[in-house]
Each structure stands twice: as C-alpha cells, then as structure tokens.
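If you read the sequence shown in this note's numbering, its first letter stands for residue 35, the second for the next number, and so on. Don't be surprised by glycine CBs; every beta carbon is placed ideally from N, CA and C. None of the values given here were measured: they were computed from a predicted structure. Shown next, in structure tokens, is the structure this report addresses.
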Amino acid sequence: MMMISIWNILLALAAANGCSAFLHSGINSAAVRRDILLVHSSTQATEPSSQPRSGIAQELLNLALKSPLWTYVMVPQARASIVKTAESNGIQWMNAKSWLNEQLSTKDYSDVVYPEYYKQSFHAYQDGNLSYDAAVEQELASRAVGARNFPKYGERGEDVFRDSFDKALAGIGARICDNTNEQGKKVIVDFGCGTGTSTRRMASQYPQVDQLIGIDLSPYFVDVGNTLLNLAPNAIENGSGWITSITPDERIELRQGDMANTLLPSNSASVVNLSLVVHELPTSVAKQVVSEAYRILQPGGQLWISEMDFESTAYKAQRENALLFSLLRATEPYLDDYADGCKELREFIVDTFDSTKITAATGRHYALVAEKGFDSGDDVDRVKCLEDYRFREDGSYAVEDTHLKPWESKDD
C-alpha cells in the first residue's frame with residue numbers, strides 16, 4: 035500500500051483550491067507580438083496581482099507552516115521526495131553527497147558579516163544559504179528539479195532548462211562585446227554564482243573571455259564551488275564521485291562578496307550575469323544589484339537576467355492559488371516581493387540602461403538583455419526603450435508551459 039505524505043496532501047489541497055487556473059494550452063501558430071515601451075523614468079510599484087485568501091483551508095495551512103509540523107515533518111518529507119526523484123532519474127544523490135563531504139575541508143565562517151536580508155531560511159534550510167549542507171546539495175537539487183520539471187529528458191532535464199535560457203538570450207542579442215577593459219581583458223561577472231554552475235557553463239561557452247568572476251554572499255557555496263573546480267571530477271558513471279563532469283579552468287575565480295557592492299573597477303566587465311537570483315532578493319536590493327551591474331559594465335557591455343516570470347500564464351495562475359503559493363513562498367522568503375516588484379524592477383532596468391530586450395525562455399521564465407551605451411557627452415534626457423517579445427499576438431505566452439504541476443509526477 036502506497037503511503038501518502040502530508041506534503042502531497044497539502045499540495046492536493048492547494049490544487050483543489052484552484053487547479054482550474056492551471057489549465058494552459060499553447061498556440062504554436064500564433065505570431066509573437068513585439069511590444070515596445072518608451073520609458074523616461076522609473077514608475078511606482080504596481081499593486082499586488084493577487085491578495086491572500088482566507089478560509090479554513092488557508093488558516094490550517096498557515097498554522098502548519100508556522101508549527102513544528104513544517105520543520106520536522108513536511109520539510110523532511112519534501113526533501114526525501116526530491117532525493118527519490120533524483121535517484122529514480124539516475125542522479126546518484128546519496129553517493130555524490132557522501133563523496134563531496136569526504137573531499138571538503140570545512141572552514142569556520144562565523145566572523146563573516148552579511149546583509150540582514152540574507153540571514154533568512156531559504157529552500158527549507160534553517161540557516162538558509164549559510165551552511166555546508168545547503169551548499170553541498172545545491173547542484174544535486176538543481177539536477178533533481180530539472181529532472182522533475184522536464185521528465186522527458188530525465189537526468190538531462192536541468193541541461194535542457196538552462197539551454198532554453200541560452201537560446202532565448204542569444205535570440206535577443208546576447209553577446210560578448212568586442213572591446214576590452216583597461217587591463218586589455220574581456221570579463222564576465224556572474225552575480226549570485228552559488229557553487230559556480232552558471233559560471234562554469236559560461237566558461238565553456240565563451241572561450242574568447244579572459245576571466246570569469248563568480249560572486250556569492252555565501253562563503254560555504256563558494257568553498258564548495260572551488261573544491262569542485264580543484265577536484266575537476268568526472269561524472270559518477272565515469273568512475274568518479276560527482277554527478278557531472280567538471281573541466282578545470284584557470285580563468286574562473288569564485289569569490290565571496292556582495293553583488294550590490296562588488297568592489298570591482300567601474301567599466302571593467304563585458305557581461306554581468308544574473309541566473310535565477312533576483313527572485314531571492316527584496317526589490318530594493320535587486321535595484322542596488324542592477325545599479326552595481328551598470329557601474330562595473332564597460333560601454334557596450336550587457337546585463338543578462340534569467341528569471342521566473344510572474345506575468346506568464348503558469349506562474350500567474352500559481353500565485354492566484356493562495357494555498358499553493360503559500361507553500362512555494364514558505365521556502366522563498368522574498369517571492370511575494372519579487373512577484374509584486376517585477377514590473378517596477380523591469381522599468382528601473384529600462385531607465386538605467388540604454389536598451390533592454392526581454393523574451394520568453396520557458397513557459398514560466400524570461401530572459402532579458404540590457405545594454406550599457408556609450409556616453410555621448412550630452413545631458414539630454416534620452417528616451418529609453420523596452421522591446422518585449424514574451425507574448426503572442428493573441429496575448430498568450432510565447433513558449434508553451436511544459437513544466438509538471440506541483441502535485442503531478444512524471445508517471446501521471
């Protein structure tokens with residue numbers, strides 16, 4: 035007899051509360067609409083797109099999320115579920131985690147100072163990103179989530195997911211600018227690099243770049259990332275201990291630091307990359323990060339953002355289901371702030387940079403490229419332009435949503 039976890043019961047409850055909102059059908063034949071918005075200055079934040087619901091079901095869920103039931107029952111069950119997903123898709127979570135823990139020489143980072151917003155529980159880790167446990171499991175969890183969301187591709191699900199952003203970015207003009215900085219280098223700076231997954235990926239994609247700097251607030255993630263780079267392990271199936279093959283690259287430098295205050299020279303970077311980071315920030319901090327990106331980018335340099343899109347049909351529907359969204363934001367403390375502030379942040383980017391383009395990457399995510407122009411020397415208030423390719427002519431999202439719903443399994 036199959037046991038039904040409390041986690042799945044809550045997901046089912048949330049689904050019953052508004053599952054009809056998740057019905058989505060893509061229209062492949064519709065043309066993509068090109069929206070151009072002329073923006074002179076930042077605007078005020080928009081009103082939240084959905085208000086919290088009330089009712090017995092919501093109250094019960096709120097109580098559960100604030101009780102020991104969440105910490106000692108629901109979180110372990112959710113983690114066990116994702117480990118099971120990984121193992122069933124050929125991702126050897128337990129073996130890889132054990133192997134990496136054996137390689138690590140842990141350090142004491144208790145004297146490191148962090149911004150207040152960062153001292154939160156993230157992703158069901160009580161200490162958030164400030165622990166070795168969270169750091170060791172980051173790439174394992176990413177592979178598992180990729181396999182779950184893209185079940186057709188199994189353990190390659192995450193690769194397919196990241197490929198979609200690469201293609202979307204390229205489609206709206208992502209490039210490495212031809213000119214170098216004052217040191218004669220082309221540099222990519224990866225904000226919120228974690229253990230370096232996106233940094234390593236860009237290193238393999240852009241051999242013409244001289245240096246790749248990954249910056250993350252968590253010294254634990256940076257330490258794990260540098261350990262993986264130094265070990266350069268092959269994948270488990272090739273006889274080593276890690277889940278993916280990692281190529282050593284002397285151009286990569288992962289460092290602990292604040293992406294809102296990098297201490298890097300102005301006009302020194304060809305590209306600043308933000309991959310699935312902004313939704314973990316308060317909007318006020320996200321604006322500081324964008325301003326810092328602009329400062330360190332050289333003229334002609336670009337900001338690349340890959341993120342969740344709460345204006346997409348799928349994520350908009352999830353947020354309208356208050357019960358389900360309560361579960362999602364229980365592990366993402368700034369998800370409401372991010373969802374409410376998406377338009378405000380986008381307009382801030384448009385007002386900061388000389389040109390901005392945005393497009394759909396998956397059925398739930400966008401890719402954005404913003405370019406820093408060359409100073410013309412005049413003080414004329416130039417009109418800023420946003421080119422938005424996320425929606426078809428009929429108003430539907432430009433990419434069909436193929437993600438599994440939270441309560442579904444790949445066998446459904």
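Within the model, the alpha-carbon separation for E341 versus A401 is close to 7 angstroms.
Here the alpha carbons of R424 and I206 stand approximately 11 angstroms from one another.
Within a 10 Å sphere around the beta-carbon of K406 sit 16 or more other beta-carbons, which makes this residue buried.
Non-local beta-carbon contacts of I339 in its own chain, meaning distances under 6 angstroms to residues more than five positions away in sequence, involve L308, L402 in chain order. Burial state of G180 is buried, judged by a 10 Å Cβ sphere holding 16 or more other Cβ atoms. Residue range 303-309 is occupied by the beta strand (DSSP E) that includes N307.
Counting along the chain, the unbroken alpha helix (DSSP H) around A175 starts and ends at 166-183.
Per DSSP, the beta-bridge partners of D250 are Q290.
Distance from the CA atom of S300 to the CA atom of Y368, rounded to whole angstroms, is 29 angstroms.
Taking Y151 as reference, the option from R182, Q217, P316, E192 with the minimal CA-CA separation is P316.
The DSSP-derived three-state label of I270 is helix.
The alpha-carbon of N272 is positioned some 45 angstroms away from that of G375. Counting C-beta atoms within 10 angstroms of its own C-beta, N264 has fewer than 16 neighbours from the protein chains shown and is therefore classed as exposed.
With contacts defined by Cβ atoms closer than 7 angstroms, I277 and T233 do not form a contacting pair. In the three-state reduction of the DSSP assignment, D409 falls in the coil class.
By DSSP's assignment, M108 forms no beta bridge with any residue.
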